[in-house]
Structures are given as C-alpha cells and as structure tokens.
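Q: Structure below; questions to follow.
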Amino acid sequence: MATSVSMATPLSQTIGAQLAAAADDRTREWWERYLKGSVPFRGVPMATTRRVVHDTWRRVGVDQLDGEAQIQLALAQFAEPYCEDKLAGVLALSELLLDRLTLRHVPALAQPLERGHIEDWSTCDWYCVKVLGRFVAMGEDRRLRAEAIAGWRTSRALWQRRAAAVSFVNLASQGERFFDGFTDLVLTVCAANVADAARFSQTSVGWLLRELSGADPARVQQFVEEHRGSMSREALKAASSHLSSG
C-alpha cells in the first residue's frame with residue numbers, strides 16, 4: 001500500500017479537484033469579501049467539503065492506512081492555498097481521526113501554524129474549535145494537553161498564539177470544574193496575548209475572557225482592571241459583555 005508521503009500530493013489533488021468541481025463563484029466572492037481577501041476561497045459549502053473528505057477517505061483507501069499516516073495526510077491539507085482545502089484537513093482530523101490523537105501529537109498539530117499554513121482567523125478558529133479544543137477535552141490527561149496547547153502563547157507566530165487562546169473558548173465556561181488550575185492557565189494565556197496590540201491577538205483575549213466570565217466573573221473583572229491599558233476597545237467590549245455593570 002502507498003505510504004503517507006507518496007499519497008499526500010495525489011490525495012490533495014483528488015480532494016482539490018472534487019472541491020473545484022463543486023465551486024460556486026457567488027459563494028466564493030461572498031466569502032472573499034467577508035474575510036477581506038485574507039485567504040482564497042473556491043466557493044464550496046461546508047457540507048459539500050465534508051462529503052468530499054469522507055467519500056475520498058474511503059474511496060482512495062486512506063482509511064486503510066495506519067493512524068499516523070492518516071494524521072499526516074490530514075495535516076498536509078493545510079499546505080494547500082484554498083480555505084476549503086484547509087478545512088478538509090480540519091474535518092478529517094475532527095471527524096475521522098480525533099480519537100487517534102494523543103499528547104505526543106501536539107508538535108504535529110502545531111505544524112500548520114508554525115509553517116504559516118494557517119494565516120486567517122476563519123481557518124484558525126475552525127481548527128481551534130473543531131480539533132484542538134476537543135482534543136484537549138477528550139483525554140484523561142487533559143491538564144497536560146491543555147498546558148501543551150497553552151504553551152503556544154510564546155510562539156513568534158501570531159496565529160499560533162491566537163490558537164493558544166481560542167482552543168479554550170468552548171471549555172472556559174467550566175472554569176475549575178475542567179481541572180484545578182484551569183482558570184489560572186487560561187489567564188496566563190490571556191496575559192501573554194494581551195501584550196500584543198495586533199487585532200487578532202486582542203480578540204482572542206476578549207473572546208476567551210467572555211467565556212471564562214461565566215465561571216469566574218471576579219477573576220475576569222480583576223484581569224480587565226489590571227490590563228485595561230493594554231486591551232483594545234474591541235477586546236474590552238467582548239471581555240466585559242457578560243459582567244455585571246454593578
């Protein structure tokens with residue numbers, strides 16, 4: 001059977017060809033306007049992209065490869081230029097391979113961000129919410145997984161630092177129920193990201209604090225007071241949106 005290395009290019013080409021056949025110019029134009037040209041689109045609905053991924057995985061025989069090979073093939077999708085092709089990687093990881101991911105895969109999961117293959121908020125946030133956050137939540141070693149992802153806050157890459165925060169947005173409302181010390185970890189990530197004035201670093205902080213405020217409004221209020229001078233208006237508005245004005 002072909003190796004993952006030898007299959008990567010033809011698999012990406014096969015997925016790309018099917019997505020291209022399903023593309024719609026009006027959909028493409030809408031998404032490219034919405035994301036202000038930050039990533040090129042083909043113009044394919046998410047449901048179609050999902051069908052292409054699932055069908056191709058079976059038809060080409062990717063599902064017969066070992067788990068490591070499948071993970072590498074999914075990650076290879078992020079090197080493709082179009083957003084839908086990158087989302088094919090997100091869908092493969094989240095819907096076909098999530099239970100195969102372990103703590104030792106964190107360096108591999110970082111690669112699309114480290115290599116500049118994710119450089120728009122849409123792809124980044126889909127990756128965080130559908131893959132990284134669920135990866136953290138599903139393991140008995142969730143503390144170690146969370147600490148590993150949170151460690152990305154020191155990256156030179158803006159989108160990897162954003163991922164260090166956005167990966168926790170669907171978990172933050174649990175606060176300390178997720179694990180003892182989780183709130184401190186979340187606030188450590190926020191403190192790192194708030195030091196960068198870039199919009200998508202700031203909005204990662206505002207979004208994460210908003211979700212955390214449901215579990216620990218006092219800690220969020222304290223953070224906002226201590227870091228107000230470093231927070232953009234957009235981040236402040238989001239972080240404070242669920243806090244009592246009284």
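So that you can map any letter, position 33 of the sequence shown is 33 in our numbering, and since no number is skipped, the others follow by simple counting.
Beta carbons: idealized from backbone N, C-alpha and C, even for Gly.
(1) Work out the CA separation of Ile118 and Ala47 for me, nearest whole Å.
(2) By the three-class DSSP mapping on this structure, what secondary structure does Ala195 have?
(3) Enumerate in chain order the residues of its own chain whose CB-to-CB distance from Leu236 is below 8 Å, with the five nearest sequence positions on each side excluded.
(4) With burial defined as no fewer than 16 other Cβ atoms inside 10 Å of the residue's Cβ, what is the status of Pro217: buried or exposed?
(5) Check this for me: beta carbons of Leu11 and Val62, under 8 Å apart or not?
(6) Give the secondary structure of Met318 by DSSP, where H, G and I count as helix, E and B as strand, and everything else as coil.
(7) Less than 6 Å between C-beta atoms, sequence neighbours within five positions excluded: which residues of the same chain meet that for Ala17?
(8) With DSSP collapsed to three states, give me the class of Arg145.
(9) Apply the 10 Å Cβ neighbour rule to Gln222 and answer buried if 16 or more other Cβ atoms are within range, or exposed otherwise.
(10) Taking the alpha-carbon of Thr203 as reference, which of Leu132, Met231, Pro40, Gly67 has the nearest alpha-carbon?
(11) Jot down the residue ranges of each uninterrupted alpha helix (DSSP H) in the stretch 76 to 119, minimum 4 residues, whole runs only, in chain order.
(12) What alpha helix (DSSP H) runs, 4 residues minimum, are completely inside the stretch 156 to 238?
(13) Is Leu103 buried or exposed, if buried means 16 or more other CB atoms sit within 10 Å of its CB?
A: According to the structure data:
(1) 21 Å
(2) Coil, per DSSP.
(3) Gly206, Val224, Arg228
(4) exposed
(5) In contact: Leu11 and Val62 (Cβ atoms closer than 8 Å).
(6) Beyond the ends of the chain as shown, which are 1 and 246, falls residue 318; an answer cannot be given.
(7) none
(8) In the structure shown, Arg145 sits in a helix (DSSP, three-state: H, G or I).
(9) exposed
(10) Met231
(11) 83 to 95, 106 to 114
(12) 158 to 166, 182 to 193, 199 to 212, 217 to 227
(13) exposed
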